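Protein chains in written order, with my numbering: chain V, 784 to 895; chain G, 56 to 168. We put the beta carbon where it would ideally sit given N, CA and C, even for glycine. Computed from a predicted model, the values in this text were never measured in an experiment. Everything on this sheet refers to the single structure shown next.
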Amino acid sequence: EDKVVQSPLSLVVHEGDTVTLNCSYEVTNFRSLLWYKQEKKAPTFLFMLTSSGIEKKSGRLSSILDKKELFSILNITATQTGDSAVYLCAVERRNRDDKIIFGKGTRLHILP
Amino acid sequence: NAGVTQTPKFQVLKTGQSMTLQCAQDMNHNSMYWYRQDPGMGLRLIYYSASEGTTDKGEVPNGYNVSRLNKREFSLRLESAAPSQTSVYFCASRPSGGYNEQFFGPGTRLTVL
Numbered sequence: 784e785d786k787v788v789q790s791p792l793s794l795v796v797h798e799g800d801t802v803t804l805n806c807s808y809e810v811t812n813f814r815s816l817l818w819y820k821q822e823k824k825a826p827t828f829l830f831m832l833t834s835s836g837i838e839k840k841s842g843r844l845s846s847i848l849d850k851k852e853l854f855s856i857l858n859i860t861a862t863q864t865g866d867s868a869v870y871l872c873a874v875e876r877r878n879r880d881d882k883i884i885f886g887k888g889t890r891l892h893i894l895p
Numbered sequence: 056n057a058g059v060t061q062t063p064k065f066q067v068l069k070t071g072q073s074m075t076l077q078c079a080q081d082m083n084h085n086s087m088y089w090y091r092q093d094p095g096m097g098l099r100l101i102y103y104s105a106s107e108g109t110t111d112k113g114e115v116p117n118g119y120n121v122s123r124l125n126k127r128e129f130s131l132r133l134e135s136a137a138p139s140q141t142s143v144y145f146c147a148s149r150p151s152g153g154y155n156e157q158f159f160g161p162g163t164r165l166t167v168l
């Protein structure tokens with residue numbers, strides 16, 4: 784059965800800290816891995832990763848994929864209170880059915 | 056462009072009542088999805104539609120039906136609501152063909168008493 788597992792499920796850090804969020808997957812016919820940020824509303828897209836070892840970066844956020852070990856990490860440096868959110872990892876399958884599988888998310892809380 | 060719209064935003068039902076959640080997108084996307092989100096459970100796929108005229112079950116389809124009315128609209132129906140269906144429901148869409156992110160609607164918060 785396909786699955787996406789995120790860790791930790793919850794994390795509390797102080798403003799200015801660096802955090803690393805993990806996502807591992809077991810999915811047949813992997814095509815891409817996606818990261819989303821969800822505040823008190825709908826998820827918003829952060830990154831799509833398709834190739835191993837190539838870092839995607841946007842400001843203080845960065846992410847990398849390891850297709851051999853089947854995981855991805857999302858790093859946030861110099862965290863701010865506005866980074867408090869649930870971070871969701873999802874995997875797209877290379878399949879005609881167009882299904883996307885989400886993990887349970889990591890709830891990140893940044894203390895001022 | 057409105058993106059993905061959902062109605063209603065909030066709904067309270069009694070056990071056994073029925074209702075339909077509406078979703079529409081104006082981005083000409085082929086694929087549409089219905090998810091439910093419960094505390095600590097991430098997004099769980101209820102049903103999805105890879106193209107107009109096709110629908111498939113996701114992880115948690117029991118108690119729900121869907122209709123892909125046309126390319127724009129994908130509705131979710133609860134025939135006989137149960138308290139276990141209390142959740143936030145998100146609709147999403149994306150272009151088909153792979154390597155595309157999903158665009159989400161604002162969600163419907165449903166409470167079943």
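Burial state of residue i, where buried means 16 or more other Cβ atoms lie within 10 Å
i        : result
G:Ser135 : exposed
G:Asn155 : buried
V:Thr864 : exposed
V:Glu838 : exposed
V:Thr862 : buried
G:Thr158 : The sequence shown places Phe at residue 158 of chain G, not Thr. Buried: at least 16 other Cβ atoms inside 10 Å.
G:Ser151 : exposed
G:Arg149 : buried
Contacts that residue i makes with chain V (C-beta to C-beta distance below 9 Å)
i        : result
G:Gly160 : Ala825
G:Phe145 : Ala825 and Pro826
Under 8 Å between C-beta atoms of residue i and residue j
i        : j        : result
G:Leu100 : G:Gly113 : yes
V:Lys820 : V:Ala868 : yes
V:Asp849 : V:Ile859 : no
G:Ser104 : G:Met87  : yes
V:Lys851 : V:Gln789 : no
G:Val143 : G:Gly160 : no
V:Ser841 : V:Met831 : no
G:Gln80  : G:Arg127 : yes
G:Tyr102 : G:Thr110 : yes
Option nearest residue i by Cα separation, candidates the options
i        : options                                   : result
G:Ala147 : V:Thr827, V:Leu853 and V:Arg843           : V:Thr827
V:Ile786 : V:His797, V:Val810 and V:Leu804           : The identity of residue 786 of chain V in the sequence shown is Lys, whereas the question assumes Ile. Checked all of V:His797, V:Val810 and V:Leu804; the closest Cα to V:Lys786 is V:Val810.
G:Leu168 : G:Thr60, G:Val59 and G:Val67              : G:Val67
V:Lys882 : V:Ala873, V:Leu804, V:Ser845 and V:Ile856 : V:Ala873
G:Phe145 : G:Arg132, G:Arg164 and G:Ser139           : G:Arg164
G:Lys69  : G:Pro116, G:Val121 and G:Ala137           : G:Ala137
V:Leu853 : V:Ile893, V:Val796 and V:Ser835           : V:Ser835
G:Gln92  : V:Ser815, V:Phe885, V:Ile893 and V:Pro895 : V:Phe885
V:Asn812 : G:Gly153, G:Phe158 and G:Gly118           : G:Gly153
G:Ala57  : G:Lys64, G:Met82, G:Thr75 and G:Pro63     : G:Met82
G:Leu98  : V:Pro895, V:Leu871, V:Leu891 and V:Glu784 : V:Leu871
Rounded straight-line distance, which links the Cα of residue j to that of residue i
i        : j        : result
G:Ser130 : V:Asp800 : 43 Å
G:Cys78  : V:Thr889 : 27 Å
V:Leu804 : V:Ile856 : 5 Å
G:Ser122 : V:Leu794 : 39 Å
V:His797 : V:Arg843 : 15 Å
G:Met96  : G:Tyr90  : 11 Å
G:Thr141 : V:Ser807 : 29 Å
G:Val115 : G:Ser139 : 12 Å
G:Val59  : G:His84  : 10 Å
V:Glu875 : V:Thr833 : 10 Å
V:Pro791 : V:Val802 : 11 Å
V:His892 : V:Trp818 : 17 Å
Proximal chain G residues relative to residue i, where beta-carbon distance stays under 9 Å
i        : result
V:Glu838 : Chain G residues near V:Glu838: none, gap ~18 Å exceeds 9 Å.
Partners in chain V for residue i, counting only beta-carbon separations shorter than 8 Å
i        : result
G:Tyr154 : Arg814, Ser815, Met831, Thr833 and Glu875
G:Ser86  : Asp881
Interface partners of residue i on chain V, CB under 7 Å
i        : result
G:Leu98  : Leu871 and Phe885
G:Gly108 : In chain order: nothing, as chain V lies at least about 14 Å away.
G:Ser151 : Asp881
Under 7 Å from the C-beta of residue i: neighbouring residues of chain G
i        : result
V:Phe828 : Glu156
V:Gly888 : Gly97
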